[in-house]
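Visitor: In terms of numbering that gives the first Met the number 0, the numbers along the sequence shown are unbroken and rise by one, the last being 391.
Have a look at this one.
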Amino acid sequence: MNKKLIIVGNGAAGNSALEEILASGEAFDITVVTMEATPPYYRPMLSEYISETEIPNRFYLHNHDWYVTHGIDIKYETALDEIHPELKTIKLSNGEELQYDSLILATGSRNFIPPIPGIDKSNVLNLRDLTDAETLKKFAWHKKTAVIIGGGLLGLELGWQMTKLNVEVTVVEMMERLLPRQLDAEASVLFEEKVKETGIKVIKGVQTKEIIGTEVAHGVLLSDGTILPADFIAVSIGVRAETTSARKAGINTDRAIIVDDFMKTNIEGIFAAGDCAEYKGVNYAIWPEAIEQGRIAALNALGKNVPYVPVTPFNIYHGLNLRLFSIGDVGSDTNASYDIYSYSTEDHFEKFFYKSGKVVGGILIGDISKSSKLKRAVTEEMSREDFESMLN
Numbered sequence: 000m001n002k003k004l005i006i007v008g009n010g011a012a013g014n015s016a017l018e019e020i021l022a023s024g025e026a027f028d029i030t031v032v033t034m035e036a037t038p039p040y041y042r043p044m045l046s047e048y049i050s051e052t053e054i055p056n057r058f059y060l061h062n063h064d065w066y067v068t069h070g071i072d073i074k075y076e077t078a079l080d081e082i083h084p085e086l087k088t089i090k091l092s093n094g095e096e097l098q099y100d101s102l103i104l105a106t107g108s109r110n111f112i113p114p115i116p117g118i119d120k121s122n123v124l125n126l127r128d129l130t131d132a133e134t135l136k137k138f139a140w141h142k143k144t145a146v147i148i149g150g151g152l153l154g155l156e157l158g159w160q161m162t163k164l165n166v167e168v169t170v171v172e173m174m175e176r177l178l179p180r181q182l183d184a185e186a187s188v189l190f191e192e193k194v195k196e197t198g199i200k201v202i203k204g205v206q207t208k209e210i211i212g213t214e215v216a217h218g219v220l221l222s223d224g225t226i227l228p229a230d231f232i233a234v235s236i237g238v239r240a241e242t243t244s245a246r247k248a249g250i251n252t253d254r255a256i257i258v259d260d261f262m263k264t265n266i267e268g269i270f271a272a273g274d275c276a277e278y279k280g281v282n283y284a285i286w287p288e289a290i291e292q293g294r295i296a297a298l299n300a301l302g303k304n305v306p307y308v309p310v311t312p313f314n315i316y317h318g319l320n321l322r323l324f325s326i327g328d329v330g331s332d333t334n335a336s337y338d339i340y341s342y343s344t345e346d347h348f349e350k351f352f353y354k355s356g357k358v359v360g361g362i363l364i365g366d367i368s369k370s371s372k373l374k375r376a377v378t379e380e381m382s383r384e385d386f387e388s389m390l391n
């Protein structure tokens, strides 16, 4: 009799785990549980769909027939309600109970909704899944003004897609500059200039104090007293790991589900990966990390004993009429001494950061053809001499 494997979640981590299990050729009875109504898709493309008339062909990672062909039981629009480790069973939102030998939790994350007065109004939206995208699309195609709370890449991308539909967009960012974790001050100024060229208005260094209106929001009140009128509002200020069922089952959690070097939780036979998982206190909640953790969780569910090698966090972005790549330490440690190489032209910017003679981070805006070499240099802690030799 085949062993039973259940994967809860079908995003980057869940899909990566599933593909690794199938590639192994080992016989499992596989069940995938997903809250989505569709097969998995490339979540970073959700914003792009806002300004498109149809879903792009490259949006989906697999179609439903792929699951049928591989003999996978996929349960759509179904949530995990309970985990019973002592019985090795789970209970689903539809009342069904399933037995497992190995359980991979890839439950992902949910958007963080801040406790701003008025945030529960009907035209205050966020973007996490395809249903959210459909709702935002209806507003963006029929309204004239929008405020986006949060000036990260997702919020800015969403704003850019809205400007294509002639929506007047204002982005409110509480930090003093855009992308402070991904860019240093010089690069942030350049990036903001590019953002503004798309027609997006940017307000920095203020918080949203209140969303004003009765049942429907009419605008936002900022901490400096400014009122921004808006036909609708989008919130994009980060995510929180989905850990509810795991925590209730006695699985150790902090900000996310705590895993060891092998993506194992504290309970035998249960693994976690992706946005819902925390390794050595770190949870970047980024696509590359989720894919690698999903792969490692699958290998160890197969009994391969393969340790996880942390992914060096990086951001690669193509939008807002530019290309951007950022990786590693970009001068954020105020107590450290950096050697910095910087070069820029009208349409290109590059900056490399060195500590103790080694490459620790870098930023590329415009031409990002050096990104793969830069990624390798940071990951391998390459010397400055070797890195410069590789570039030439």
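Yeah, the Cβ is synthetic: ideal placement off N, Cα and C, and Gly gets one too.
Report the three-state DSSP secondary structure of TYR99 (helix, strand or coil).
Guide: Here TYR99 sits in coil by DSSP.
Visitor: Do you know whose CA, among GLU133, ASP72 and GLU25, lies nearest GLU53's CA?
Guide: Minimum Cα distance to GLU53 is reached at GLU133.
Visitor: Between which two residues does the beta strand (DSSP E) carrying GLU167 extend?
Guide: First-last of the beta strand (DSSP E) with GLU167: 167-172.
Visitor: Rank PRO116, GLY280 and PHE231 by C-alpha distance to the C-alpha of GLU167 and give the top, closest one.
Guide: Of PRO116, GLY280 and PHE231, the residue nearest in Cα terms is PHE231.
Visitor: Go through its chain and collect everything with a Cβ distance to VAL329's Cβ below 8 Å, but skip five positions before and after it.
Guide: Cβ within range, chain order: GLN181, LEU182, ASP183, ALA186, LYS350, PHE352, GLY360, GLY361 and ILE362.
Visitor: The beta strand (DSSP E) spanning PHE313 covers which residue range?
Guide: 313-318 is the extent of the beta strand (DSSP E) around PHE313.
Visitor: Compute the Euclidean distance between the alpha carbons of ARG57 and VAL32, then round it to the nearest angstrom.
Guide: If you take the alpha carbons of ARG57 and VAL32, they lie about 23 Å apart.
Visitor: Looking only at DSSP bridge pairs, what is GLU209 linked to?
Guide: DSSP lists LEU220 as partners of GLU209.
Visitor: Between the beta-carbon of VAL234 and the beta-carbon of VAL123, is there less than 8 Å?
Guide: Against a cut-off of 8 Å, the Cβ pair of VAL123 and VAL234 comes out as a contact.
Visitor: Kindly list the residues whose CB is nearer than 6 Å to the CB of ASN314, restricted to its own chain and excluding five residues on each side of it in sequence; keep chain order.
Guide: Hits under 6 Å: GLN181 and SER325.
Visitor: Is TYR401 helix, strand or coil by DSSP?
Guide: Lying outside 0 to 391, the shown extent of the chain, residue 401 is not represented and no answer is given.
Visitor: For PRO287, name the three-state secondary structure that DSSP assigns.
Guide: In this structure, PRO287 counts as helix in the three-state DSSP scheme.
Visitor: Taking the alpha carbon of GLY70 as the point to measure from, which residue in LYS3, ILE367, ALA12 and ASP346 has its own alpha carbon closest?
Guide: Out of LYS3, ILE367, ALA12 and ASP346, LYS3 has the C-alpha closest to the C-alpha of GLY70.
Visitor: Mapping DSSP to helix, strand and coil, what is PRO43?
Guide: Three-state DSSP puts PRO43 in a helix.
Visitor: Have a look at the DSSP bridge pairing and note the partners of LEU323.
Guide: Answer by DSSP bridge pairing, in chain order: TYR316 and ILE364.
Visitor: Output the boundary residues of the beta strand (DSSP E) element that contains VAL31.
Guide: Counting along the chain, the beta strand (DSSP E) containing VAL31 begins and ends at 27-32.
Visitor: Tell me the DSSP bridge mates of VAL201?
Guide: In the DSSP output, where bridge partners are listed per residue, VAL201 has VAL170.
Visitor: For LEU182, name the three-state secondary structure that DSSP assigns.
Guide: LEU182: coil per DSSP, three-state reduction.
Visitor: Mind checking VAL377: buried by the 16 CB within 10 Å criterion, or exposed?
Guide: Buried, by the Cβ-count rule.
Visitor: Could you check where the alpha helix (DSSP H) with PHE351 kicks off and where it finishes?
Guide: Where PHE351 is concerned, there is no enclosing alpha helix (DSSP H), although the beta strand (DSSP E) it sits in stretches over 348-354.
Visitor: State the CB to CB distance for the pair ALA272 and ALA296, rounded to an integer number of angstroms; the pair is presumed to be in contact (CB under 8 Å).
Guide: Contact holds; Cβ gap of about 4 Å.
Visitor: Can you name the residues that DSSP bridges to THR252?
Guide: Paired residues: ILE256.
Visitor: What residues match up with SER343 in a beta bridge as DSSP calls it?
Guide: DSSP lists PHE348 as partners of SER343.
Visitor: Helix, strand or coil for THR88, going by three-state DSSP, please let me know.
Guide: Looking at THR88 - three-state DSSP - the assignment turns out to be strand.
Visitor: Tell me which residues share the same chain as GLY149 and place their Cβ nearer than 6 Å to its Cβ, disregarding the 5 neighbours each side in the sequence.
Guide: Cβ neighbours of GLY149 beyond the five flanking positions: SER235 and ILE236.
Visitor: Does the distance from the C-beta atom of THR243 to that of CYS275 stay below 8 Å?
Guide: Not in contact: THR243 and CYS275 (Cβ atoms no closer than 8 Å).
Visitor: Taking VAL205 as the reference, give the member of THR225, LEU189 and HIS217 with the closest Cα.
Guide: It is THR225 whose Cα lies nearest to the Cα of VAL205.
Visitor: Is the stretch 296-306 in contact with the stretch 250-265, if contact means three or more CB pairs nearer than 8 Å?
Guide: Yes, they touch.
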